[in-house]
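Numbering-wise, the numbering used here comes out as the position in the sequence shown, counting from 1, plus 12.
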Amino acid sequence: MEHLLGPTRTLVLAALLLVIVGSLPASSASAKLRTPVLALVYALSLFSGVALVWFGFDRGAVMVDSFTSTIERYAVDELSNAKEPNVIMIDGASYVLNGVDTGVVTSELATLGYSAKVVRFAAGAANHFERYRMQQGIVQRLPGKQSVNQRWFYLAEVQAGYDQIPLAQFDNNLDTRRAIQYCTPENSWAAARALGSPGVTLPLGGAWRWQLLRHTLVNAFSAGALMRYAPEADIALGGGAVTPHRPGKFRFHGLGSLIEALDRPTDPANVMVLPWLREIRERRSKRLWRGYRAELIYFGVPSTSIGQLEYVRGFCQAIGSKCIAPSDPALLTQLDTPKLWRDVSHMTNAGADIYSRWLAHQLVALRVLRK
13 MEHLLGPTRT LVLAALLLVI VGSLPASSAS AKLRTPVLAL VYALSLFSGV
63 ALVWFGFDRG AVMVDSFTST IERYAVDELS NAKEPNVIMI DGASYVLNGV
113 DTGVVTSELA TLGYSAKVVR FAAGAANHFE RYRMQQGIVQ RLPGKQSVNQ
163 RWFYLAEVQA GYDQIPLAQF DNNLDTRRAI QYCTPENSWA AARALGSPGV
213 TLPLGGAWRW QLLRHTLVNA FSAGALMRYA PEADIALGGG AVTPHRPGKF
263 RFHGLGSLIE ALDRPTDPAN VMVLPWLREI RERRSKRLWR GYRAELIYFG
313 VPSTSIGQLE YVRGFCQAIG SKCIAPSDPA LLTQLDTPKL WRDVSHMTNA
363 GADIYSRWLA HQLVALRVLR K
């Protein structure tokens, strides 16, 4: 039982509280209680039991059987054994998954004289809130730093679609294990706050509240948990591999216009950081990794879209902290060939190789790494 569902004592306490709730109507003492007090006892007992059941699943040796869990296990395995003086954690969605080759970043840093453990926890179609939930699981399973002298760096992806649509992909993943998993009450409350902030795009045509609440209730009451969870040991480790595949339908129009745009000042309208990214995303990430992180660094992955390039350039100008924008003419010139792109924003492994080497040099240029 403990292996599958978590600490036995937690589940026993939860079951006991639920039994108390069920027995209250039959108790002679309860009849003497005033209705409001009785209702309060019901509510507190019920929600305490629900919380303990949820805690039993969350802290038990189980994980949701999904792609994000394979990445979570991979990240824990890599970070738990990190003995290098620099630990670089790379956050992102599919653009990072296909654009950053951790092995190349590691080897290039080594040639520059820096020893680093580079770990990418990127998941395709994962919005900021799904990634945060995944990272909660990683932090929960980490034993702590291997050395007090280590410097840990959190690289946070800057991407227009995910930044401007806080619950991006939520409507495409309704009622899936992935969506239910990250809709914890805390995470859903943060998502609702983000959707209420200026400048964002709402999912589901604005009719997102009921769907978010429904998923949150399923998560909070652990409904269907036995079908969603599997023993942690049965979840494969999978950090994801950069693919060489390039679909034949994609027509590459070149990066000439992007390179030319670098000579022009960024449009003032694009020089901005949406409030929720500072007030919610950044604050939560810093708080989550406070026991490990030395510094948070923003970065963007190259794209063939001039809109995305301009967004990252403007973001880095406005953020007022360390930020790496792929607005280097030399980099874009190297990437200006069809075989390096799968589609508008996803690179092949050959493109990822070029960008990853460039990224390593940018990290060194920030003068934050320890030799």
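All C-beta atoms in this analysis are idealised placements derived from N, C-alpha and C, irrespective of residue type, glycine included.
**Report entry** Rounded distance between the beta-carbons of K383 and Y126, thought under 8 Å
**Finding:** The count along the sequence shown starts at 1 and reaches residue 126 at position 114. The count along the sequence shown starts at 1 and reaches residue 383 at position 371. Between K383 and Y126 the Cβ distance is about 6 Å, and since that is below 8 Å, they are a contact.
Query raised in the report: Taking just the CA atoms, how far does L186 sit from H373?
Result: Looking up residue 373 in the sequence shown gives position 361. Looking up residue 186 in the sequence shown gives position 174. The straight-line gap from Cα to Cα measures roughly 40 Å.
Report task. Could you say if the stretch 95-106 and the stretch 338-355 meet the contact criterion of at least three C-beta pairs nearer than 8 Å? Result -> no
Query raised in the report: If L286 and G211 are in contact, beta carbons under 8 Å, what's the gap, nearest whole angstrom?
Result: Walking along the sequence shown from the start, residue 286 turns up at place 274. Walking along the sequence shown from the start, residue 211 turns up at place 199. Contact between L286 and G211 holds: CB atoms are separated by about 5 Å, below the 8 Å threshold.
Report task. Report all residues from its chain with a CB closer than 6 Å to the CB of R305; omit the five preceding and five following residues, and keep chain order. Result -> If you number the sequence shown from 1, residue 305 lands on position 293. Hits under 6 Å: W164 and Y166.
**Report entry** Sufficient close CB pairs (3 or more, under 8 Å) joining the stretch 175-190 to the stretch 107-126
**Finding:** no
Query raised in the report: Helix, strand or coil: which one does DSSP assign to F233?
Result: Along the sequence shown, read from residue 1 onward, the residue named residue 233 stands at position 221. Coil.
Query raised in the report: Is C328 helix, strand or coil by DSSP?
Result: Walking along the sequence shown from the start, residue 328 turns up at place 316. If DSSP states are grouped into helix, strand and coil, C328 belongs with the helices.
Query raised in the report: According to DSSP, is A172 helix, strand or coil?
Result: On the sequence shown, position 160 is the one that residue 172 refers to. Helix, per DSSP.
Query raised in the report: For the ligand ATP, is there a heavy atom less than 7 Å away from the beta-carbon of M284?
Result: No copy of the ligand ATP occurs in the structure displayed, which carries no ligand at all.
Query raised in the report: CA-CA distance, D77 and T188?
Result: Mapped onto the sequence shown, residue 77 falls at position 65. Mapped onto the sequence shown, residue 188 falls at position 176. Near 11 Å, if we compare the C-alpha coordinates of T188 and D77.
Query - N-terminal and C-terminal residue of the alpha helix (DSSP H) that K298 is part of - result: Stepping through the sequence shown from its first residue, residue 298 is reached at position 286. Taken as a continuous stretch (DSSP letters only), the alpha helix (DSSP H) holding K298 covers R295 to L300.
Query - Short Cβ contact (8 Å threshold) for F79 with N139 - result: Reading the sequence shown from its first residue, position 67 is the one you call residue 79. Reading the sequence shown from its first residue, position 127 is the one you call residue 139. The answer is no: Cβ separation not under 8 Å.
Query - Three-state secondary structure assigned by DSSP to G156 - result: As a first step, residue 156 is located in the sequence shown; it is residue number 144 there, counting from the start. DSSP, read as helix, strand or coil, puts G156 in coil.
Query raised in the report: Going straight from the alpha carbon of L289 to that of V376, what length do you get?
Result: Here the question's residue 289 lines up with position 277 in the sequence shown. Here the question's residue 376 lines up with position 364 in the sequence shown. Distance between the alpha carbons of L289 and V376: 26 Å.
Query raised in the report: Looking at T82 and I247, is the spacing between their C-beta atoms short of 8 Å?
Result: For the purposes of this step, residue 247 is taken as the residue at position 235 of the sequence shown. For the purposes of this step, residue 82 is taken as the residue at position 70 of the sequence shown. Contact flag set, yes.
Query - Where P11 falls: helix, strand or coil (DSSP) - result: This structure gives no information on residue 11, because the portion of the chain shown stretches from 13 to 383.
Query raised in the report: With C-beta atoms as the reference, is L249 less than 8 Å away from L154?
Result: The residue you call residue 249 lines up with position 237 of the sequence shown. The residue you call residue 154 lines up with position 142 of the sequence shown. No, Cβ-Cβ distance for L249 and L154 is not below 8 Å.
Report task. Closer than 6 Å by C-beta to F311: which residues in its own chain qualify, once you throw out the five before and the five after it? Chain order, please. Result -> Locating residue 311 in the sequence shown gives position 299, counting from the first residue. Around F311: L167 and I336.
Report task. Give the C-beta separation of A128 and L381 to the nearest angstrom, bearing in mind that I take them to be a contact with Cβ-Cβ under 8 Å. Result -> As a working note, residue 128 is residue 116 in the sequence shown. As a working note, residue 381 is residue 369 in the sequence shown. Right, their Cβ atoms sit about 7 Å apart.
Query raised in the report: Secondary structure at A204, three-state DSSP: helix, strand or coil?
Result: Here residue 204 refers to the residue found at position 192 of the sequence shown. Helix, per DSSP.
Query raised in the report: Which partner residues of V74 appear in the DSSP bridge assignment?
Result: One-based indexing of the sequence shown puts residue 74 at position 62. In DSSP, V74 forms a bridge with P243.
Requested in this report: Output the distance between the C-alpha atoms of S269 and D340, rounded to the nearest integer angstrom.
Outcome: Counting from 1 along the sequence shown, the entry for residue 269 is found at position 257. Counting from 1 along the sequence shown, the entry for residue 340 is found at position 328. Their Cα atoms are separated by approximately 13 Å.
Query raised in the report: Using CA coordinates, which residue listed in D103, A342, A245 and L229 is at the minimum distance from L267?
Result: The sequence position of residue 267 within the sequence shown is 255, counting from 1. Looking at the Cα atoms, A342 is the closest of the given residues.
**Report entry** Among D365, L121, V130 and L378, the one whose alpha carbon lies nearest that of I309
**Finding:** Numbered from 1 along the sequence shown, position 297 holds the residue referred to as residue 309. Comparing Cα positions, the closest option is L378.
Report task. Just confirm the distance between the C-beta atoms of V117 and S368, as a whole number of angstroms; I'd bet it's less than 8 Å. Result -> In the sequence shown, residue 117 corresponds to position 105, counting from 1. In the sequence shown, residue 368 corresponds to position 356, counting from 1. Indeed, because the Cβ distance is near 5 Å, the residues count as touching under 8 Å.
Query raised in the report: What residues match up with C335 in a beta bridge as DSSP calls it?
Result: Taking the first residue of the sequence shown as 1, we reach residue 335 at position 323. Note: C335 sits in a beta bridge opposite Y310.
**Report entry** Distance, S234 Cα to G363 Cα
**Finding:** Start at 1 with the first residue of the sequence shown, and residue 363 comes out as number 351. Start at 1 with the first residue of the sequence shown, and residue 234 comes out as number 222. Distance between the alpha carbons of G363 and S234: 43 Å.
Query raised in the report: What residue range is occupied by the uninterrupted alpha helix (DSSP H) comprising I100?
Result: Within the sequence shown, residue 100 is the residue found at index 88, counting from 1. Where I100 is concerned, there is no enclosing alpha helix (DSSP H), although the beta strand (DSSP E) it sits in stretches over N98 to G104.
Query raised in the report: Can you give the beta carbon distance from E244 to M75, rounded, assuming they're within the 8 Å contact cut?
Result: Counting from 1 along the sequence shown, the entry for residue 244 is found at position 232. Counting from 1 along the sequence shown, the entry for residue 75 is found at position 63. Their Cβ separation, rounded to whole angstroms, is 5 Å, which keeps E244 and M75 in contact under 8 Å.
Query - C-alpha distance - A194 paired with V283, whole-angstrom precision - result: Residue mapping note: residue 194 aligns to position 182 of the sequence shown, counting from 1. Residue mapping note: residue 283 aligns to position 271 of the sequence shown, counting from 1. The sequence as given places Tyr at residue 194; Ala does not occur at that position. Those two C-alpha atoms are separated by around 31 Å.
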